[in-house]
Amino acid sequence: MIIDAHTHRYPEEVINDPARFAQRTGEKMWLNMVSPQDRPSLQGWANREEMLASMDAAGVRQSVLLGWYWENQKTCLEANQWHRQWMKQDKERFIGFLSLHPKIPQLLDYLKRAREDGFRGIGESHPWAQGFSMQDREWIKAMEFACESGWPVNFHVTDPEGKDYPGKILTPMEDFLWLANELPDLKIILAHAGALYPLKNSIPSNFYIDLAACPLLYPASIFKELIEHVGSEKILWGTDYPLRIYPATQKNPDFKTFLDTFIDSVDVTENELRAMLGENFANLLG
Ligand SMILES: [Zn+2]
21 MIIDAHTHRY
31 PEEVINDPAR
41 FAQRTGEKMW
51 LNMVSPQDRP
61 SLQGWANREE
71 MLASMDAAGV
81 RQSVLLGWYW
91 ENQKTCLEAN
101 QWHRQWMKQD
111 KERFIGFLSL
121 HPKIPQLLDY
131 LKRAREDGFR
141 GIGESHPWAQ
151 GFSMQDREWI
161 KAMEFACESG
171 WPVNFHVTDP
181 EGKDYPGKIL
191 TPMEDFLWLA
201 NELPDLKIIL
211 AHAGALYPLK
221 NSIPSNFYID
231 LAACPLLYPA
241 SIFKELIEHV
251 GSEKILWGTD
261 YPLRIYPATQ
271 KNPDFKTFLD
281 TFIDSVDVTE
291 NELRAMLGEN
301 FANLLG
């Protein structure tokens, strides 16, 4: 079963007028990312039907709906409501993660309710963009909760040497390493191939790597290299849909282009491929 470990989804209100939504919620950084002033946007948009049709066309059974790294706790609450609704509407197709901010009132109660409502993890998180420290006390409580609940936590990872993009904010690797050491049972997913850190360094046993947006950032040869360095059991295929990760050839976002490219560029057994395309993620959820 193919699972895309890294997607985002927005309601019609946001798709129809992202600027208005950003103004209402005070999410300037997000707006700059989805509609930058100085260059064409890479953001694509898709409603429920388009997303499901694109998943079907690629044979993707489930997508992990990641939250955005909203700057304001109120936006996190609002966006989590979208997920709550979408998970219920298409139980078999969407796995919901939470947008989280340590300023959410009664954070632990909020997390417990989210767990009861069927949420399965936290992320995509970006403490530096969201304005808090990895060692924030409330945040650490949330990380402990994730640990106890068997929830993976997905973090955006910025490549300091990689291409520039709107809203690029660095994500120091030492903070991820600190967290991995502090909570050795916490399942930490580093997005965007972990900025290729694993190609040059050994990684803690509780790190996992997703491949979201990689076609935009790196040549396809990195997939083989990553498998050699970290092993296929650590790799989670994911797209960053509805981002247009093949802007030269792709007008609308899809799942199939990256799926086909990935399969073509790796040299692995059927079992290893199945693992990276979904089993590893399913095992992470337990
Ligand atoms: Zn990201």
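Sequential numbering of the sequence shown, starting at 21, is according to this note's numbering. Ideal Cβ placement from N, Cα and C applies to all residues, glycine included.
Using a Cβ distance threshold of 8 angstroms, S119 and W88 count as a contacting pair. Distances from the alpha-carbon of E248 to those of A39, V286 and K94 put V286 closest.
Under a 10 Å Cβ-count criterion, N291 is classified as exposed, with fewer than 16 other Cβ atoms of the shown protein chains found around its own Cβ. Bounds of the alpha helix (DSSP H) holding A149 are P147 to Q150. Your pair L279 and A78 checks out as a contact, with CB atoms roughly 5 angstroms apart and the cut at 8 angstroms. Here the alpha carbon of L293 sits roughly 39 angstroms from the alpha carbon of D58. Sixteen is the threshold: when 16 or more other Cβ atoms of the shown chains lie within 10 Å of the Cβ of Q150, as they do, the residue is buried.
Contact between N92 and G141 fails: their C-beta atoms lie close to 21 angstroms from each other, not under 8 angstroms. Membership of Q43 in the alpha helix (DSSP H) is indicated by the continuous run P38 to T45.
Taking 8 angstroms as the upper bound for CB-CB distance, A211 and L246 are not in contact here, some 13 angstroms apart.
When only Cα atoms are considered, I255 and M296 end up about 5 angstroms apart.
By the Cβ neighbour-count rule, P38 is buried, with 16 or more other Cβ atoms within 10 Å of its own. The three-state secondary structure of A25, taken from DSSP, is strand. Straight across, the Cα-Cα distance linking K108 with L72 is about 15 angstroms. Per DSSP, the unbroken beta strand (DSSP E) holding L210 starts and ends at K207 to L210. Distances taken from the Cβ of E47 to the heavy atoms of ligand 1 include none shorter than 7 angstroms.
Taken through DSSP and simplified to helix, strand or coil, Q82 comes out as strand.
Rounded to the nearest whole angstrom, the C-alpha separation of R135 and M21 is 24 angstroms. Excluding sequence positions up to five before and after H103, its CB lies within less than 6 angstroms of the CB of L85 and G116, all in the same chain and listed in chain order.
With contacts defined as CB atoms closer than 8 angstroms, G306 and G143 fail to qualify as a contacting pair. The beta carbons of P218 and L304 sit no closer together than 8 angstroms. Within the same chain, Cβ atoms closer than 7 angstroms to the Cβ of A233 are found at H212, D260, L263 and I265, the five residues on either side in sequence being excluded. The beta carbon of S153 is closer than 8 angstroms to those of P147 and W159 in its chain, skipping five residues each way along the sequence. I208 is a Cβ neighbour of F227, given a cutoff of 8 angstroms. Taking 7 angstroms as the cut-off, one finds no heavy atom of ligand 1 near enough to the beta carbon of A99. Runs of the beta strand (DSSP E) lying entirely within the stretch 160-194, each at least 3 residues long, are 172-175 in chain order.
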